[in-house]
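*Asks:* Residue numbers (the working numbering): 7 to 116.
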């Protein structure tokens, strides 16, 4: 970590949050959190780190609708669960996450 950064304890729910955030970006092309005045605005370069951290701590997450992403309700619901503000509300292990993803895949194969 860079000097002055505070270490964040990592655990499985924290890793699941991170994975969901990456999947959100890969699917939508946008970051999952919003920091500017409106969800559709990406103001990452001019927004300071403390403001970004506060937004994440407040649970300011975008929905697919907010940013005109292609609807995929099952994936969006799973990602929202994985990025729940309280870590106890997130899937608690990778098996749960894998099973939920498998259910989504089965639903779309039919």
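Cβ coordinates follow ideal geometry from the N, Cα and C atoms, glycine included.
(1) Grouping DSSP H, G and I as helix and E and B as strand, with all else coil, what is residue 91?
(2) Work out the CA separation of residue 80 and residue 111 for me, nearest whole Å.
(3) Looking at C-alpha atoms only, which residue of 103, 42, 48 is the closest neighbour of residue 21?
(4) In whole angstroms, what separates the C-alpha of residue 73 from that of residue 49?
(5) To which residues of the same chain is residue 85 closer than 7 Å at the C-beta, ignoring the five residues directly before and after it?
*Replies:* Let's see:
(1) Residue numbering aside, residue 91 sits at position 85 when the chain shown is read from its first letter. In this structure, residue 91 counts as coil in the three-state DSSP scheme.
(2) Locating residue 111 in the chain shown gives position 105, where the first residue counts as 1. Locating residue 80 in the chain shown gives position 74, where the first residue counts as 1. Residue 111 and residue 80: Cα-Cα distance of roughly 10 Å.
(3) By 1-based counting over the chain shown, the position of residue 21 is 15. If we check each option's Cα against that of residue 21, 103 comes out closest.
(4) Position 67 of the chain shown, counted from the start, is the residue given in the question as residue 73. Position 43 of the chain shown, counted from the start, is the residue given in the question as residue 49. Straight-line Cα distance between these residues: approximately 14 Å.
(5) As a first step, residue 85 must be located in the chain shown, where it is residue number 79. Result list for residue 85: 26, 29, 30, in chain order.
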